[in-house]
Every structure is written in structure tokens, then in C-alpha cells.
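In terms of the working numbering, the sequence shown has 237 at position 63, counting the first letter as 1, and numbering is strictly consecutive. Here a beta-carbon is modelled for each residue, glycine too, at the ideal position from N, C-alpha and C.
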Amino acid sequence: MSEPTNSTQTERMLRRLLMIAILALVVFLTLPAAARVLDVFNLAEIDDKAPITDTQADPNDVLLKAQAAADAAENTANTVQVVLSFLEGAAVLVGLALGAAAYFGFRNFSEMRSDMKEIQADFDAEIAKGQALRAQVETYRAQLEQLPLVLQQVQDYILRVEAALDSLSETTDLVQQTVVDLLRANQAFNLNNYQEAYDAALHALERSPNNAQALYIAGWLELQYIPDKLEQGIERLRAIRDLYPDWPTARAAYGIGLRRKARLSSGEEQRNLYYEAEGELLTVLGRNPHLLDLNLESFWGPIGGIRRDMGRVEEAITAYQNALKETPYSSYPMGNLSALYLQQAKTDPAYRDLALDAFEQTRAFAQLELAIAPNDYFHVMDIAMSTMILGQRDPAQFEDAQRTLETAINMGTTAEMLTVSLSGWRHLRDHCPDEWTALLGNLDSAIEVVEQAIRAKRGEQA
């Protein structure tokens, strides 16, 4: 319990002093009056055992005594009246004092009670705050207990992110380098720098082995321009077909690879390869008949070549005509169409002028294309073949054809490229009308020149 305050102690002391003073005053005022009354009656002198005597009393004496008793009684009454008046006043004072004390005591008690309520409310609020703080502390304590694990997880996450960023940076660098290699390969290919294009494509594949564009460029070059890489080129194009089945150009290129392999085969294997190649190409062209290969030639051309090699001349003509529709000024379909007309002219003279006119058109197309791409070997070879056939109309063309053939051979060609051309020269020789003897002789000479060049190239490659 708390110690009483100074004001409370003072109030108690005043109350006690007031009560003592009142009691003392009452005693002081009442004792004399009582004594006088007792003196009047002098009760102590009465002897209730004395014998009663019949004596005569003096009336005056009795009257005096009675008068004295009356005066004493009056004085006593006055005294009592004074005492009573004092007591009334004192009672009022006491009442006021007690009322004041009670008022001040009640007021102090009320204020103290109100203060206690406020203190209690503040105390309760502080307790609530403390409890809330304790709950927070418990929560933070639990979190702090988990902090080492969280920190470890954060560190692990940071390490993973850093590793991912490093990997992403490396991947970005690889992608950029691969893109540069592919740009180099395309640029070199367009300039007919086939070996440089091939090297760039291989560099891209070293960084990204499944890069579709790099596989396509490398595979295409291996089919037509890179020595002794036909099988590898076919495998690359097969990989593209399997990895990217929705890429029709790659699937068509795979068909061309099968056709090239078929030309080096014989018997049943050759026939099966031709059919498989034709099936791949027709599947693609059935979805999109306008597709072009990496040389910007129609895929209808290889279908014409397959059908021609299989003896299906009319179907081959239709295929080359379709190719000519897709590339109207290309010497490739026009030259092959001219060769088929020559094949028909061997047995039907009605086709001879048609065939010669077709070769005139082929040479014109090839010259136009050569003006756009001066280093294109196949355009130069198309001019040489067309000029040789046109020697039938103008023998002076034979010499021009021989010079053009030498130019083509010396253009940095490969044995594979010359082998493709040799097949074309032999087809012209085999289907040339027997009556065109001068032309036949010049064709034999051209074939011999090409064969010698192939042997020389193979010797260089060895």
C-alpha cells in the first residue's frame, strides 16, 4: 500500500483536536452548575434514618431557603441553556467540520478514484502494448530463428542467378558469334565463295551443333560443292528434317541429296533412292509449290531430273515447265527443258527447231543471270552448253563454246561441280541426232575436257 500524504495526516489531526476541545468545553461549563444544584439541595445532609420530629419550622427561614433554591435552579437553568446553546453551536461547527472533512475526504477519494481509474486504464493500455510487443518479439524471434536458413537460401539463389547470368552471357556471346558466322556463310555463298561459306557454317555448328540454318548451309554445300562430303551432307539434311519437320525447304534439300546419291548408285538401290527422293520433294511441293532452294531455284527442277534419269521424259518436261513458271528467267529449268526437247528431236525431227530455239533462250537467260552474278559457275557452264548446241546452226559457235568451257573449268570449281556438269554433257551427247555429226564431235571433245579436269581436281584434292 502507498504511504498517506501530508494533507491526509493533517486532516486527521484537526478532527481529533476539535473533538477534544468540544468535550473539554462541555465538562468545564457543566460541572459548576451541577455543583451549585447539589449545594442547594444538599442531599448529603439529609438523613433518611433520623426520626421524624414534629417541630415548628420558621416560615421566613423556609421562604428564604426556597428563594435560594429557586435562584439556584434558575442559574442552573441558565447555565444549562448556555451549555445547550453552546452545544448547538458546537454541534453546528462540528457538523460543518465533519461535513467539510467528509466533503474534502470524499472529494479527495473521488479524485483519487478517478485518478486510479485513469492510472488503471493507462496501466491496462501499457499491459496491452506490452503483450502486443511480446507477440511481435515472439514473431521476430521465430523469424530470426529462420534467418540463417533464409540467408542460406538467398545466397543459394544469388549463386544460381549469377550462374544463370553467366550462362546467359555466354549464350548471348555464342548466339552473336553464331549469327556472325551465318552472315559470313550467306554472304560468301552469294559471292560463290563456297569454301569460305562452308568454313563459316562449320564454325557456327561448333558453337551450336543443332543450328538449323548452319546445318542447312553446310549440308547443301556438301551435296553440291564440297568434295567427298555427299554422305555427310545427306546426314545433316536428314537431321534437319527430324529436328524441324515443319521446315519444308530442309526436307526438300534432303530429297535432292537422295537424288545425288541415286545417280552414284545402280540397279534396285538406285531406283528406290529415286522414288524416295521424288516422294520427299512432291510432299513438300504439294504443300507449297513455290519453294526455292538455296540457289534460288525451284524444287520442281530436281523432280524433272529424277524423272528424266528414270526415262519418264514427258513427266520430266512437265516438271521443268513448272520450275520455269516459278523462276521465269532461270537458265537452269530452261536448259534442262531444252535438253529434253533435244532428246525428243533425236527420234522426231519435228522437235529439232523447238530444241534449238530453247537453247537460244537458255543462253540468253544464262547471260542475264551472269550479269547479276558474274562468278556463278553453273551460269557459265549453261552458256557453254547452249553455245555448243547452237553450233549446229552456226559452226562458228563451236569455238566460242570451247573457250567458254575452259573459262568455267578455271573458275575455282571442284570435282563434284564438274561431275554434275559432266552428266549434262553426256546427256546432250547421248540424245543428239545422229545426223548432226559436227555437233557430236564437239560434244565428244567437251566431254573429254571435262573428264580431264575432274581427274586433275581429284588429284589436287588427294
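Inter-residue Cα distance where the pair is residue i and residue j
| i | j | result |
| --- | --- | --- |
| Asp347 | Asp373 | 19 angstroms |
| Asp618 | Ala388 | 40 angstroms |
| Gln457 | Ala451 | It should be pointed out that residue 457 corresponds to Thr in this sequence rather than to Gln. Approximately 10 angstroms between the Cα atoms of the pair. |
| Met591 | Leu466 | 20 angstroms |
| Met484 | Val349 | 45 angstroms |
| Leu323 | Ala316 | 12 angstroms |
| Arg567 | Gln495 | 25 angstroms |
| Met493 | Gln571 | One detail in the question is off: residue 493 reads as Ala in this sequence, not Met. Rounded to the nearest angstrom, the two C-alpha atoms are 30 angstroms apart. |
| Arg412 | Asp522 | 42 angstroms |
| Asp604 | Ala547 | 31 angstroms |
| Asp527 | Asp608 | 15 angstroms |
| Asn360 | Glu370 | 10 angstroms |
| Gly304 | Gln327 | 33 angstroms |
| Glu634 | Thr352 | 31 angstroms |
| Ile563 | Glu454 | 34 angstroms |
| Ile491 | Leu602 | 15 angstroms |
| Glu292 | Ala306 | 21 angstroms |
| Ala392 | Gly429 | 16 angstroms |
| Met358 | Met585 | For the sequence presented, residue 358 should be read as Arg rather than Met. When rounded, the distance between both Cα atoms is 21 angstroms. |
| Leu459 | Trp474 | 8 angstroms |
| Glu443 | Tyr449 | 10 angstroms |
| Asp550 | Tyr418 | 30 angstroms |
| Ala295 | Arg308 | 19 angstroms |
| Gly479 | Pro383 | 32 angstroms |
| Arg600 | Gln541 | 23 angstroms |
| Glu488 | Ala519 | 13 angstroms |
| Lys631 | Leu333 | 57 angstroms |
| Glu141 | Asn366 | Limits of the chain in this structure are 175 at one end and 636 at the other, which puts residue 141 out of reach. |
| Ala538 | Ser560 | 9 angstroms |
Helix, strand or coil at residue i [DSSP, three-state]
| i | result |
| --- | --- |
| Leu602 | helix |
| Arg567 | coil |
| Glu645 | Given a span of 175 to 636 for the chain in the structure shown, any question on residue 645 remains unanswerable. |
| Ala490 | helix |
| Asp420 | coil |
| Ala582 | helix |
| Asp402 | coil |
| Ser595 | helix |
| Met484 | coil |
| Leu323 | helix |
| Thr588 | coil |
| Leu438 | coil |
| Leu528 | helix |
| Thr501 | coil |
| Leu365 | coil |
| Val214 | With a pLDDT of 43 at Val214, under the threshold of 50, the modelled position of this residue cannot be trusted, and the question is left open. |
Opposing strand residues paired with residue i [DSSP bridges]
| i | result |
| --- | --- |
| Leu466 | Ser472 |
Boundaries (first-last residue) of the alpha helix (DSSP H) holding residue i
| i | result |
| --- | --- |
| Gly393 | Ala386 to Gln398 |
| Ser505 | Ser505 to Thr521 |
| Asp373 | Tyr368 to Arg381 |
| Asn549 | No alpha helix (DSSP H) holds Asn549; DSSP gives it neither H nor E. |
| Ala451 | Gly441 to Arg461 |
Beta-carbon separation (whole angstroms), residue i vs residue j, contact threshold 8 angstroms
| i | j | result |
| --- | --- | --- |
| Leu511 | Leu498 | 7 angstroms |
| Ile408 | Gly431 | 4 angstroms |
| Ile414 | Ala426 | Not quite, the Cβ-Cβ distance comes to about 11 angstroms (not below 8 angstroms), so this is no contact. |
| Val554 | Thr578 | 6 angstroms |
| Ala582 | Ile628 | About 13 angstroms; that fails the 8 angstroms criterion. |
| Ala532 | Met508 | 7 angstroms |
| Arg482 | Leu514 | 6 angstroms |
Test: residue i CB closer than 9 angstroms to a CB of chain D
| i | result |
| --- | --- |
| Tyr525 | Among the protein chains of the structure shown there is no chain D, as only one such chain exists. |
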